[in-house]
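In this note's numbering, the protein residues as written are 9 to 412. Backbone N, C-alpha and C define an ideal beta-carbon position, used for all residues, glycine too. It should be emphasised that the depicted structure is a prediction, and the values quoted were computed from it without experimental measurement. This report concerns only the one structure given below.
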């Protein structure tokens, strides 16, 4: 039975609105759910359409396939501003050749900005934040529907020319699969047991029948070392050290987890989506059956989609949404395949923000509450280290935040 509107409106986060975007043949609209209001704010999107949503989705699907960022078992090299080649996590085989720059990704991101995101921010009265001021932008939770689902609204913007601007300069973006995934947590906040607060990390660089992702080892070791230096309660298991049962035990013992491993997602049977370890696979259905009462933050690094699936954007949320359903309050995931180097850079900067913004009185506890801002800062740092070529855009865009 649907929740009464009054119940939803009375349990919204204070830090920003939830934006539900409806895409229909007849018209497109957004509903902004803001704390303190009795009813949603209706925002018409008159120049957007379902055909445009499908067009932008097709553009991204086509560009990702062309760059082999959608397939497993393919090697991709990306030419960035530093001219470094980045091998993609969990993929192998032939490289992308040099060719003329196709501007379609720019067009899609500009269309999302001018037709969807900017009209919403204007209606909400959200103004551009001066990056030099270090002022923290407000939060926004995107809840898109239909063909707009999981297009990168968090990266909408104009990336070329003197009128360049993007959503990054206005808000800190998160996603939610449903409105109640947020409101239920606001309605029923829970404190984490002090003896469970902490960070567990694992790297699984050589899972059977999956391509190697060697950068996960350095990533986990680096974060583990910084956690120890910061006084955070932490633990790690790498490669063959960890079984499926051991991972489940650590998920109960630690409030936050960092899984640097392959993820196989099943669009037809989401509960069979899984994380691939050296010693077996951990299915989402198994995690959902666990009593993770102290779950806080899950960082899913290097996770991938399964071979041959076309609906990547739909698949990409399964593990992230599944971890929310399992009890985690916030989840970091990726929308498509990521390279070892940018994955390490984003993860390192992400945790550095969390470690340096800890409450001095927190002892060995670890708090994932600032995770949305931490990811915003980390991806912005990666973006500024690159140019604004399509290759570069597709390098930093996939990192996304779900939940509180």
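Run of the beta strand (DSSP E) containing residue i, from where it starts to where it stops
i: residue 150; result: 147 to 152
i: residue 268; result: 264 to 268
i: residue 50; result: 49 to 52
i: residue 288; result: 288 to 291
i: residue 40; result: 36 to 41
i: residue 30; result: 26 to 31
i: residue 245; result: 242 to 246
i: residue 180; result: 180 to 183
i: residue 282; result: 282 to 285
i: residue 306; result: 305 to 309
i: residue 208; result: 207 to 211
Pairwise C-alpha distance: residue j and residue i
i: residue 207; j: residue 243; result: 7 angstroms
i: residue 268; j: residue 220; result: 12 angstroms
i: residue 127; j: residue 136; result: 13 angstroms
i: residue 217; j: residue 245; result: 20 angstroms
i: residue 161; j: residue 74; result: 21 angstroms
i: residue 227; j: residue 199; result: 29 angstroms
i: residue 115; j: residue 374; result: 41 angstroms
i: residue 397; j: residue 262; result: 40 angstroms
i: residue 65; j: residue 30; result: 15 angstroms
i: residue 163; j: residue 368; result: 34 angstroms
i: residue 143; j: residue 286; result: 44 angstroms
i: residue 353; j: residue 22; result: 31 angstroms
i: residue 355; j: residue 185; result: 23 angstroms
i: residue 249; j: residue 393; result: 35 angstroms
i: residue 125; j: residue 290; result: 37 angstroms
i: residue 54; j: residue 205; result: 47 angstroms
i: residue 34; j: residue 10; result: 24 angstroms
i: residue 329; j: residue 264; result: 16 angstroms
i: residue 337; j: residue 412; result: 6 angstroms
i: residue 68; j: residue 117; result: 10 angstroms
i: residue 192; j: residue 332; result: 11 angstroms
i: residue 377; j: residue 158; result: 23 angstroms
i: residue 94; j: residue 147; result: With a pLDDT of 36 at residue 94, under the threshold of 50, the modelled position of that residue is not reliable, and the figure given next carries that caveat. Going by the C-alpha atoms only, they are around 31 angstroms apart.
i: residue 399; j: residue 196; result: 42 angstroms
i: residue 305; j: residue 390; result: 22 angstroms
i: residue 203; j: residue 365; result: 21 angstroms
i: residue 28; j: residue 56; result: 15 angstroms
i: residue 119; j: residue 167; result: 12 angstroms
i: residue 317; j: residue 257; result: Confidence at residue 317 is low in this model, with a pLDDT of 38, below 50, so its placement is unreliable and no value can be given for it.
i: residue 395; j: residue 140; result: 20 angstroms
i: residue 129; j: residue 190; result: 20 angstroms
Residue i - containing alpha helix (DSSP H), residue span
i: residue 195; result: 188 to 195
i: residue 224; result: 223 to 237
i: residue 113; result: 112 to 120
i: residue 73; result: 58 to 74
i: residue 258; result: 252 to 261
i: residue 5; result: There is simply no residue 5 to check, as the chain begins at 9 and stops at 412 in what is shown.
i: residue 332; result: 326 to 333
i: residue 2; result: Coverage of the chain is limited to positions 9 through 412, which leaves residue 2 absent and any answer about it impossible.
i: residue 18; result: That residue, residue 18, is in no alpha helix (DSSP H); it is neither H nor E in DSSP.
C-beta atoms of residue i and residue j nearer than 8 angstroms
i: residue 259; j: residue 300; result: yes
i: residue 223; j: residue 351; result: yes
i: residue 307; j: residue 346; result: no
i: residue 180; j: residue 380; result: yes
i: residue 406; j: residue 343; result: yes
i: residue 266; j: residue 231; result: yes
i: residue 201; j: residue 302; result: yes
i: residue 41; j: residue 58; result: no
i: residue 363; j: residue 234; result: yes
i: residue 113; j: residue 151; result: no
i: residue 123; j: residue 63; result: no
i: residue 326; j: residue 273; result: yes
i: residue 255; j: residue 225; result: no
i: residue 252; j: residue 293; result: no
i: residue 409; j: residue 182; result: yes
i: residue 169; j: residue 121; result: no
i: residue 156; j: residue 402; result: no
i: residue 247; j: residue 298; result: no
i: residue 149; j: residue 271; result: no
i: residue 52; j: residue 32; result: no
8 angstroms Cβ cutoff, residue i in contact with chain C
i: residue 371; result: Here there is only one protein chain, and chain C is not present.
Mind the definition here: the segment 382 to 399 touches the segment 173 to 184 only if three or more C-beta pairs lie below 8 angstroms; say whether that holds.
yes
Whole runs of the alpha helix (DSSP H) within the segment 341 to 410, excluding any shorter than 4 residues
Taking only runs of at least 4 residues, the alpha helix (DSSP H) segments lying wholly in the segment 341 to 410 are 348 to 364, 379 to 393, 398 to 404.
Determine contact between the segment 37 to 51 and the segment 11 to 18, defined as no fewer than three beta-carbon pairs at a distance below 8 angstroms.
yes
Given 8 angstroms as the limit, is there contact between the segment 226 to 244 and the segment 270 to 285, that is, 3 or more CB pairs closer than that?
no
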